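Q:
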Amino acid sequence: MPDTPALLAFIAAGLLLNLTPGPDVFYIVNHALRSGVRAGLVAALGITAGCCVHIAAAAIGVSALVAASATAFTVLKWVGAAYLVYVGASMLLSRAKPAALPTAASAASELAPLRTIFGRGFLTNALNPKVALFFLAFVPQFIPHDAPHPSLTFLLLGLLFNFNGMWVNFGWGWAAAWMARRVGLVARGVRWLERAAGAIFIGFGIQLALADAPRH
Numbered sequence: 693m694p695d696t697p698a699l700l701a702f703i704a705a706g707l708l709l710n711l712t713p714g715p716d717v718f719y720i721v722n723h724a725l726r727s728g729v730r731a732g733l734v735a736a737l738g739i740t741a742g743c744c745v746h747i748a749a750a751a752i753g754v755s756a757l758v759a760a761s762a763t764a765f766t767v768l769k770w771v772g773a774a775y776l777v778y779v780g781a782s783m784l785l786s787r788a789k790p791a792a793l794p795t796a797a798s799a800a801s802e803l804a805p806l807r808t809i810f811g812r813g814f815l816t817n818a819l820n821p822k823v824a825l826f827f828l829a830f831v832p833q834f835i836p837h838d839a840p841h842p843s844l845t846f847l848l849l850g851l852l853f854n855f856n857g858m859w860v861n862f863g864w865g866w867a868a869a870w871m872a873r874r875v876g877l878v879a880r881g882v883r884w885l886e887r888a889a890g891a892i893f894i895g896f897g898i899q900l901a902l903a904d905a906p907r908h
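Numbering (the working numbering), first residue to last: 693 to 908.
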């Protein structure tokens, strides 16, 4: 592992990067505004689980293969772009549901939607090749040159980054749910917020589709 100053720098840089809004943040905020803090936290957990895929893949060298192969990058890029556009279109076309206080009868019915929120969050992150390339570019800078097990060090640093990022994402979910309660957003306002988030997701999908493969 890196020494203490380098480790603190890694943690600080990771927190700042996780605070930057992107597809993951918009996904979490949208669900927290629409369905409350529980949905926001489940969305954050889905994002965190998807990120674990990239960490494990990078540690065993799969992400390096994606970075080196233009074909592999292109396939994953188009799959990820199509999924982001699909999520955005689903947000744009979905019908707003009237807000209601949770009851014992509705608690069980929330289980399936929460599974869907988790699964979509997982795929939103796992199908984005830019996340894999980010880990390949960012984490190795903090691995000591004389590390006896670089892959293990990469895995540990990646998991630390993801763990810290999970709490940042939880914060986004809590903040969005708190704002919805304090401001008293009505169903129509939430609907327009969801439309905006859907348009942003489509924009992210188009941006990913137009991204160039890494040059070597």
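Built from N, CA and C at the ideal position, the CB exists for glycine as well. Since the model is a prediction, treat every value here as computed from it, not as a measurement.
#1: Which of the three DSSP states, helix, strand or coil, is assigned to residue 841?
#2: Suppose you measure from the CA of residue 860 to the CA of residue 743; what does that come to, to the nearest Å?
#3: Start and end of the alpha helix (DSSP H) containing residue 737?
#4: Compare the beta carbon distance of residue 714 and residue 723 with 8 angstroms and say whether it is the shorter of the two.
#5: To the nearest angstrom, report how far apart residue 846 and residue 815 are at their CA atoms.
#6: Evaluate residue 763 with the Cβ neighbour count: other Cβ atoms within 10 Å of its Cβ, from every protein chain shown; 16 or more gives buried, anything less gives exposed.
#7: Does residue 727 pass the burial test, meaning 16 or more other C-beta atoms within 10 Å, or should it be called exposed?
#8: Kindly indicate the opening and closing residues of the alpha helix (DSSP H) around residue 817.
#9: How many Å lie between residue 828 and residue 811 at the Cα?
A: According to the data block:
#1: coil
#2: 14 angstroms
#3: 729-752
#4: no
#5: 23 angstroms
#6: exposed
#7: buried
#8: 803-818
#9: 25 angstroms
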